[in-house]
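If you read the sequence shown in the numbering used here, its first letter stands for residue 840, the second for the next number, and so on. Glycine is no exception: its CB is placed at the ideal position from the N, C-alpha and C atoms.
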Amino acid sequence: MTFGERILERAECLAAFTEDEGRLTRTYLTPMHRKAGEQIAAWMREAGMQASFDALGNVVGRYEGATADAPVVLTGSHMDTVVDAGRYDGVFGILTAIECVADLAKRGKRLPFAFEVAAFGDEEGVRFGVTMIGSRAFAGRFRPEMLEARDKDGVSLREALTAFGGNPDEIPGLARKGIAAFVESHIEQGPVLLDDNLSVGVVTSIAGSYRVKAKVTGLAGHAGTVRMPGRRDALMAAAEMALAVEAHCAAQPHELVGTVGKLAVAGGGATNVIPGSVEFTVDLRSGDDAVRRRALRELEDKLFAVAKRRSVALEWNPFFELQAMPCDPRMQAALAASIDAQGIRVRHLPSGAGHDAMELAHVAPMAMLFVRCGNGGISHHPSETLAASDADIATSVLLHFLESYVP
Ligand code: GLV
Ligand code: MN
Ligand code: MN
């Protein structure tokens, strides 16, 4: 069996650890998170690593280096998913690294660095709204107030972590100092490599983002008796705001993307009631932080103007921000050389999606390898695909990188 075939088989196995019947959804600190983590730890041990859960529910495997005092090179990605996810977002980066270690161990080869593989418990932020909880802690950037974030049932991160067997008090101790390099492999989640007919590519930088919670409050009323002029319909105001987000970002198509991913009428709404209260989210991203910050200010102006004209109140809470992160030039060059060594043309491309690598970039030189995503490049969707042959090539590239990289 090739690296790629085993990766696809294992991704299929992990997809069975889902909290939703008939679709893949695996969120942080749930029984399915535990099951996926236990399976990943078992594969890590089988490959030749020591592996265990840490205080935040991440699974970390370690393959010792040639000497006891060798530096550490870290790789990793996430084992949580979005709701109704594809099979490869996140887990690919974990599974490809396990293949590399299994191959090294089979050959009895030790590297001039200890190689650690992290399976982060949360990257997507689905359950608690804050993203990249695991990698944030590794970067020493976990803020204690994040423990008070609550899921839709009112359970706090602190409560869920304690019930999972984790330990909030040990989170500061997860901060990693002196990591020589962090490299993450991930499916591209877009069509660039597919359109260029290339199996792999080197990431140049990762886009920064804002997440905003917005609430519109109007006036509920009887759908049959309140005349159209003068209505203070919260849903129509939110709809106009959502369209304003789209129009604003569409006017800068190469620089900015904006998404209203959640929109809900309070209480679910009713057919015969004018909506009085609506909540929605905005996800705003750009590779250029100045463009993103300016866009947030301009959007605020536009959305508050909509609220004023429609006589509704707008609460606007940008609650989360990630800076854009450039990848390390020397590591990019090393990945490029490993791609070239497979006889593949080197393609550089930026990442519009967020990744754990953004956090680790705060404490170590960071680089990312992208593998081609099939099916038009679709991701965050069950029809995400990955070819075994591409997974195989990406693993060979990572292995070559590990065997030639000098930290
Ligand atoms: C994670 O997948 C993100 O980019 O939101
Ligand atoms: Mn994702
Ligand atoms: Mn991902």
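The beta carbons of M918 and I933 sit closer together than 8 angstroms.
Here F1159 is near R1050, since their CB atoms are less than 8 angstroms apart. Taking one beta carbon from each stretch, the segment 892–912 and the segment 1189–1201 have fewer than 3 pairs nearer than 8 angstroms; the two do not touch. Every unbroken stretch of the beta strand (DSSP E) spanning 3 or more residues and falling wholly within the segment 1178–1227 is given here in chain order: 1187–1190, 1205–1210.
A residue is listed when its beta-carbon falls short of 5 angstroms from at least one non-hydrogen atom of ligand 3; in chain order these are D928, G929. Taking a cut-off of 8 angstroms on C-beta distances, the segment 1054–1061 does not touch the segment 1209–1229, as fewer than three cross pairs fall below it. By the criterion of a C-beta distance shorter than 7 angstroms, E844 is surrounded in its chain by A1227, once the five residues flanking it on both sides are discounted. Within 10 angstroms of the beta-carbon of T1234 lie 16 or more other beta-carbons, which makes it buried. Take V1041, set aside five residues on each side of it, and the residues of its chain with a beta-carbon closer than 6 angstroms to its own are Q1171, L1174, A1175, H1187, in chain order. Take G1126, set aside five residues on each side of it, and the residues of its chain with a beta-carbon closer than 7 angstroms to its own are S1044, A1046, A1163, P1189, in chain order.
Annotation for F1003: L868, G896 place their beta carbon closer than 6 angstroms to its own, counting only its chain and skipping 5 residues before and after. Of the residues assessed, D992 falls on the exposed side of the cut-off, its CB having fewer than 16 other CB atoms within 10 angstroms.
Short note on G1126: C-beta not closer than 7 angstroms to any heavy atom of ligand 1.
Spatial neighbours of M871 in its own chain (CB-CB distance under 8 angstroms, excluding positions within 5 residues in sequence) are listed in chain order as F856, T857, E858, R865. Ranked by Cα distance from G1115, the first of R1149, T920, D1072 is D1072. Boundaries of the alpha helix (DSSP H) harbouring Q878: 870–886, taken from the DSSP string. Shortest Cα-Cα distance from F1021 to any of A1077, A1086, F954, A999 involves F954. By the Cβ neighbour-count rule, V1245 is exposed, with fewer than 16 other Cβ atoms within 10 Å of its own.
Just measuring C-alpha positions, the residue of F1240, S1243, H1219 sitting nearest E1027 is H1219. Residues G1029, P1030, L1033 of the same chain have their beta carbon placed closer than 6 angstroms to that of G1216, with the five preceding and five following residues left out of the count.
A direct Cα-to-Cα measurement between V1039 and N1214 gives close to 16 angstroms. If you draw a straight line from the Cα of A880 to the Cα of A909, it is about 23 angstroms long. The Cβ neighbour count for M883, taken over all protein chains shown within 10 Å, is at least 16; the residue is labelled buried.
By DSSP's assignment, G925 forms no beta bridge with any residue. Three or more beta-carbon pairs separated by less than 8 angstroms link the segment 1082–1100 to the segment 1118–1125, which places the two stretches in contact. If you draw a 10 Å sphere on the C-beta of S1243, you find fewer than 16 other C-beta atoms in it, and that means exposed. By the neighbour-count criterion, in which 16 or more other beta carbons inside 10 Å mark a residue as buried, R966 falls on the buried side.
In the DSSP assignment, the residues bridged to Y1049 are L1123, E1160.
P1204 is classed as buried because its beta carbon has at least 16 other beta carbons within 10 Å across all chains shown.
Taking a 10 Å sphere around the C-beta of E1137, we find fewer than 16 other C-beta atoms and assign the residue as exposed.
Looking only at T1224, V898, M1067, the smallest Cα-Cα distance to S916 is reached by V898.
8 angstroms or more divides the Cβ of A1146 from the Cβ of A1086. Here T1110 is exposed: its Cβ has fewer than 16 other Cβ atoms, across all protein chains shown, within 10 Å.
Under the three-state reduction of DSSP, V1104 is assigned to strand.
For G932, the shortest C-beta to heavy atom distance toward ligand 1 is 7 angstroms or greater.
Look at E860 here: in three-state DSSP terms it is coil, with no helix or strand label.
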